[in-house]
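Residue numbers (my numbering), protein chains in the order written: chain A, 1 to 112; chain B, 113 to 227.
A virtual CB, placed ideally from N, CA and C, is assigned to each residue, including glycine.
Written out below as structure tokens is the structure these notes cover.
Here it is as structure tokens:
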């Protein structure tokens, strides 16, 4: 069955450092991959989308890479800030985007 | 900035009762979705809706669930006979007509508690 794996352990980093989060998937050939941020008790907030034919995407302090051979995406937050502390979700969508499946998320803590 | 709204924010119901969760998607959006998230677990896809019909649904979305767009603004999820395991946060999302890779905007969620 389709599976998305994200680091289940929380990631603790110091303010100003780069946070790197990993998303691996199996038994799936997504048309595109997305990263969302979720704060406790809130809905997911879209951050970045990368298509299957793209290797890298950037937006301000965020960078995402997508390796369809390794079936892996890396999500980087540079110059991290305490306000970046949240759970980050990886999500895959099929062609047409009618079904999106989410990973369990990685909790990030950025210490001042 | 336009946003997806959901009502109620919290619904408590008895097992076996019917509930209707309501969502108002962003006004010019064409694609609508329902997801659920059991406490401490991942966000799970339930159903997508486009052009007044279901586009795709998950195995969770069985005969107890239905969706409707009764007018030009609301999008509802009905659970016919609630079970204890239906207790979760339910999120509505919508995306625009910019193609199928358009961003999904999520609402704040409705917390459903089944007693």
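Does the CB of residue i have a neighbour CB from chain A at under 9 Å?
i, result
"residue 119 of chain B", "no"
"residue 208 of chain B", "no"
"residue 127 of chain B", "no"
"residue 188 of chain B", "no"
"residue 205 of chain B", "yes"
"residue 160 of chain B", "yes"
"residue 137 of chain B", "no"
"residue 114 of chain B", "no"
Report buried or exposed for residue i, applying the criterion of at least 16 other Cβ atoms within 10 angstroms of its Cβ.
i, result
"residue 124 of chain B", "exposed"
"residue 89 of chain A", "buried"
"residue 58 of chain A", "exposed"
"residue 141 of chain B", "buried"
"residue 80 of chain A", "buried"
"residue 50 of chain A", "buried"
"residue 38 of chain A", "buried"
"residue 1 of chain A", "exposed"
"residue 150 of chain B", "exposed"
"residue 201 of chain B", "buried"
"residue 118 of chain B", "buried"
"residue 6 of chain A", "buried"
"residue 189 of chain B", "buried"
"residue 132 of chain B", "exposed"
"residue 128 of chain B", "exposed"
Taking C-beta to C-beta, are residue i and residue j nearer than 9 Å?
i, j, result
"residue 173 of chain B", "residue 167 of chain B", "no"
"residue 177 of chain B", "residue 191 of chain B", "yes"
"residue 86 of chain A", "residue 33 of chain A", "no"
"residue 227 of chain B", "residue 198 of chain B", "no"
"residue 22 of chain A", "residue 3 of chain A", "no"
"residue 221 of chain B", "residue 215 of chain B", "no"
"residue 91 of chain A", "residue 44 of chain A", "yes"
"residue 158 of chain B", "residue 170 of chain B", "yes"
"residue 75 of chain A", "residue 217 of chain B", "no"
"residue 31 of chain A", "residue 95 of chain A", "yes"
Can you find a C-beta in chain B that's less than 9 Å from the C-beta of residue i?
i, result
"residue 30 of chain A", "no"
"residue 107 of chain A", "no"
"residue 75 of chain A", "no"
"residue 44 of chain A", "yes"
Output the boundary residues of the beta strand (DSSP E) element that contains residue i.
i, result
"residue 67 of chain A", "62-67"
"residue 11 of chain A", "11-14"
"residue 134 of chain B", "131-136"
"residue 166 of chain B", "165-169"
"residue 201 of chain B", "200-207"
"residue 93 of chain A", "86-93"
Taking 8 Å as the cut-off, does the region 142-155 of chain B touch the region 68-79 of chain A (at least 3 CB pairs, one atom from each stretch)?
As far as the Cβ criterion goes, the region 68-79 of chain A does not touch the region 142-155 of chain B, which means the pair count is below three.
Any 3 or more C-beta pairs closer than 8 Å across the region 113-124 of chain B and the region 85-104 of chain A
Under the three-pair Cβ rule at 8 Å, the region 113-124 of chain B does not count as touching the region 85-104 of chain A.
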